[in-house]
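Engineer:
In this note's numbering, the protein residues as written are 2 to 64.
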């Protein structure tokens, strides 16, 4: 399933949950106030818990 990460109309990343969540986490690490939106494969906006390390994030999103 493909998720998409956008910032002010520009697509920054697309891929599975982990790929997109890691991309969002990396952006927020550089710019905590970045206006990011993440959409699921059906076009609905979703939120991921981006706290912790990339390993923590991967563990939370593991099936």
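Even glycine gets a Cβ: it sits at the ideal position worked out from N, Cα and C.
My assumption, with CB atoms under 8 Å, is that residue 24 sits in contact with residue 13. Please give the rounded CB distance.
Structural biologist: One-based indexing of the chain shown puts residue 24 at position 23. One-based indexing of the chain shown puts residue 13 at position 12. 6 Å between Cβ atoms; contact.
Engineer: What three-state label does DSSP hand residue 12 in the structure shown?
Structural biologist: Position 11 of the chain shown, counting from 1, holds the residue named residue 12. Residue state, collapsed to three classes: strand.
Engineer: When we look at the beta-carbon of residue 18 and count the other beta-carbons within 10 Å, is it buried (16 or more) or exposed?
Structural biologist: As a first step, residue 18 is located in the chain shown; it is residue number 17 there, counting from the start. With 16 or more Cβ atoms within 10 Å of its Cβ, residue 18 is classed as buried.
Engineer: Could you pull the DSSP bridge partners for residue 47 from this structure?
Structural biologist: For the purposes of this step, residue 47 is taken as residue 46 along the chain shown, with counting starting at 1. DSSP lists 39 as partners of residue 47.
Engineer: In terms of residues, what are the limits of the alpha helix (DSSP H) holding residue 61?
Structural biologist: Position 60 of the chain shown, counting from 1, holds the residue named residue 61. Run containing residue 61: 55-62, per the alpha helix (DSSP H) assignment.
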